[in-house]
Every structure is written in structure tokens, then in C-alpha cells.
Amino acid sequence: MTDIRTILHRTTRDLTAGGSPSPRLDAEVLLMRFLRMDRVQLCMQPERELSEEEAAGFARWVERRSLGEPVAYILGDKEFWSLRFEVNREVLIPRPETECLIEEVLRFYRPPGEGLRVLDIGTGSGAIGVVLARELPAARVVATDISPGALAVARRNALSQGVAGRMEFFQGDLFAAVSGDLDIICSNPPYIPEGVYDLLPVGIRNFEPPGALIASPDGVAFHRKIIREGAHRLKAGGRIFLEIGEGQRDRVAALFREEGGYGDIDCRKDYGGIDRVASARRI
Ligand code: SAM
Ligand code: GLN
């Protein structure tokens with residue numbers, strides 16, 4: 016028998032065996048999307064039968080999840096800042112802690128952001144750049160990535176969120192393809208130290224792009240380069256916002272101090288209490 020109740024039960028069991036930390040939730044989320052039903056419909060129709068074709072198609076999704084593939088790649092999207100972002104294996108799945116970087120930018124810059132020129136380095140799915148373009152509806156946003164596959168996803172997300180007209184996308188290494196002065200530089204660069212990468216959960220290690228995650232042995236090589244070059248690219252009074260990993264606060268603060276030309280060096284924690292967003296102002 017393959018009614019909804021049976022499928023949910025069986026899937027939860029299979030995903031538990033597959034090592035998912037949230038098997039029941041994953042089973043529900045996958046089945047809701049697969050059957051295009053919401054949670055209430057799913058609960059109200061436990062006896063709704065799946066056709067043989069549906070059951071076979073759903074089994075393929077469950078198989079992928081059992082092998083560790085993140086739910087977001089199976090669904091093809093992820094919610095970020097309450098917006099739906101397309102994702103695929105070319106891009107990092109946007110993380111909730113990255114919303115803190117956006118909150119931090121918006122603490123200093125109020126809408127509509129008239130005249131502001133913003134750069135998002137390593138835009139991936141476009142999460143940071145697209146949200147800032149929406150929140151600052153008079154700003155212009157430049158987004159770069161080294162990965163052409165990521166830029167294709169970011170462009171589609173800018174289109175579907177209605178901000179493509181105020182965004183530009185460039186492929187290249189950090190600032191290489193960008194000219195002109197900037198008011199705001201943001202980046203969530205790769206920051207996993209080389210030696211730590213092998214210890215990450217399989218869902219990350221086997222499925223997310225390594226080039227989005229791995230940095231130098233100390234994890235802050237990208238921050239170092241962005242801080243150095245950023246000093247020449249920011250207008251006086253402009254600000255830089257960098258996501259950092261656990262334990263990187265003091266090293267990144269030192270990079271700002273050593274570079275010189277920066278003031279208001281600061282760091283804010285994410286909602287897990289971990290230092291997450293380093294920022295500074297170009298004097
Ligand atoms: N901004 C997205 C987010 O916050 O969800 C993605 C961040 S992901 C941690 C880092 C991104 O930087 C990846 O998309 C990767 O392709 C890109 N990247 C890696 N090296 C780069 C480089 N040298 N220049 C530009 N982008 C780079
Ligand atoms: N927060 C990500 C993770 O823990 C890392 C993101 C990054 O390297 N910028 O997987």
C-alpha cells in the first residue's frame with residue numbers, strides 16, 4: 016500500500032537509517048513538494064493513494080536524500096531572507112547566518128539607498144546581492160564570482176526577484192572584473208581551513224562546491240585579499256562587511272588594523288552566539 020501515511024512512515028524510517036538528523040521533517044518537506052500539497056493537505060489526506068509512477072518518482076528523491084544530498088538540492092531551491100532562491104550544485108546553499116551580514120549592512124544604510132554602489136564578492140546563488148538590491152531599491156549592485164555556473168544561477172535569482180535591472184554580474188577573481196569606486200563591499204568568501212574541510216558533514220563535503228568553502232590553512236586568505244584591495248576600491252566613509260568562521264574574529268580584525276585606512280572595526284555575532292560578521296569603515 017502506498018498512501019501518504021504509509022509513505023511518510025516508510026520514508027522517515029529510511030532517512031533515519033540514511034543518517035538524516037531530521038528524518039520526519041525531511042520526509043514531509045519532500046513529499047509536500049513532490050505532491051504539490053501544503054502541510055495541512057498532507058495531514059488531512061493520510062489515505063490519499065500515490066500512483067505507481069508517483070511512488071517510483073518519490074522513491075528516487077528519498078534515495079538521493081538517503082545518500083546525504085541536502086534537501087535544498089533535491090527541491091532546487093532554498094528560502095533565504097523569506098525569499099525563494101533557486102539553487103543547484105554549482106552554488107553554496109545560502110545559510111541562515113548569512114542573513115546577519117545583511118542585517119548588519121542595513122543597520123548602517125537605510126532604504127532606498129539612493130546613489131549607493133554595492134559589491135557582493137563570491138555571490139554564489141546571489142543571496143546577498145539580490146537581497147540588498149531588494150532592500151535598497153535605489154542602489155546599484157555589482158555581483159562577482161569565479162564560477163560561471165554560480166553566476167548563471169545568481170542571474171536567474173535576480174530576474175525572479177525583480178532586481179536584474181539594477182544588478183550587474185561579472186565573472187572573475189575577487190575584484191578583477193570590477194571597475195569604479197564602491198560604497199559598500201560585502202562578501203561571504205570561502206573560509207573553511209584546508210585541514211577542517213575533511214571533517215565537514217557528508218551533505219556539505221560530497222555535494223556542495225569545494226571552491227565555495229575551502230580557503231587557506233588559516234581560513235582567512237580571501238578576507239586578507241579583500242581587505243587589502245578593498246582599501247583602494249572603497250570611497251572614503253564606505254564600509255566593508257565580511258562573513259567569518261568561528262574563531263576568525265581576532266585575525267580578521269588584525270588584518271583591518273595592519274592594512275591601515277580602516278576605522279570602526281567591529282564584529283557581530285550570529286544567533287548561535289558565534290562571531291560572524293566583521294565590518295569596518297574606510298576612513
Ligand atoms: N554569497 C553566497 C552566500 O553567501 O550564500 C555564496 C558564498 S560561498 C561561501 C563563496 C563563493 O565565492 C562561491 O560562490 C565561490 O564560487 C566564490 N569564489 C571562490 N573563490 C573566488 C574568487 N577567487 N573570486 C570570486 N569568487 C570566488
Ligand atoms: N557556513 C558555511 C559552512 O559551515 C561555510 C561558508 C563559507 O565558507 N563561507 O558550511
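Going by our numbering, the first residue of the sequence shown is number 16, and it counts up by one from there.
Backbone N, C-alpha and C fix where the C-beta goes; we use that ideal spot for every residue, glycine too.
When DSSP states are grouped into helix, strand and coil, residue 125 belongs to the coil group. CA-to-CA, the gap between residue 90 and residue 218 works out to about 15 angstroms.
Under DSSP, residue 282 forms a beta bridge with 293. For the pair residue 88 and residue 271, the CB atoms are not nearer than the 8 angstroms cut-off. For residue 256, the enclosing beta strand (DSSP E) starts and ends at 249-258. The residue among 142, 196, 292, 44 with its C-alpha nearest the C-alpha of residue 174 is 142.
Assignment of beta-bridge partners to residue 159 by DSSP yields 136, 185. A Cβ-Cβ distance of about 4 angstroms is found for the pair residue 131 and residue 154, placing them in contact under the 8 angstroms criterion. Listed in chain order, the non-local C-beta contacts of residue 176 below 7 angstroms within the same chain comprise 98, 145, 149, local neighbours out to five positions each way being set aside. If you check the C-beta of residue 224 against the ligand GLN, you find no heavy atom less than 7 angstroms away. Under the three-state reduction of DSSP output, residue 202 falls in the strand class.
If you check the C-beta of residue 23 against the ligand SAM, you find no heavy atom less than 7 angstroms away.
Assignment of residue 197 by DSSP, reduced to helix, strand and coil, places it in the strand class.
Shown here, residue 207 sits in a strand according to DSSP, grouped into three states. Remark: three or more beta-carbon pairs, one from each stretch, lie closer than 8 angstroms, so the segment 196-209 and the segment 244-263 are flagged as touching.
DSSP places residue 100 in the strand class (E or B) of the three-state scheme. Excluding its 5 nearest sequence neighbours in each direction, residue 64 has C-beta neighbours in its own chain below 7 angstroms: 17, 18, listed in chain order. If you check the C-beta of residue 165 against the ligand SAM, you find a heavy atom less than 7 angstroms away. Distance from the CA atom of residue 112 to the CA atom of residue 103, rounded to whole angstroms, is 20 angstroms. In this model, residue 228 and residue 258 are separated by some 12 angstroms (Cα to Cα). Membership of residue 78 in any beta strand (DSSP E) is not indicated; the residue belongs instead to the alpha helix (DSSP H) covering 67-81.
When DSSP states are grouped into helix, strand and coil, residue 94 belongs to the strand group. When only Cα atoms are considered, residue 294 and residue 195 end up about 21 angstroms apart. Excluding sequence positions up to five before and after residue 208, its CB lies within less than 6 angstroms of the CB of 232, 234, all in the same chain and listed in chain order. Annotation: the continuous alpha helix (DSSP H) that includes residue 264 extends over 264-274. Residue 64 is bridged by DSSP to 18. Here residue 229 is bridged, per DSSP, to 207. About 7 angstroms separates the CB atoms of residue 43 and residue 23; that is less than 8 angstroms, so the two are in contact.
Closest by C-alpha distance to residue 284, out of 242, 140, 116, 220, is 116.
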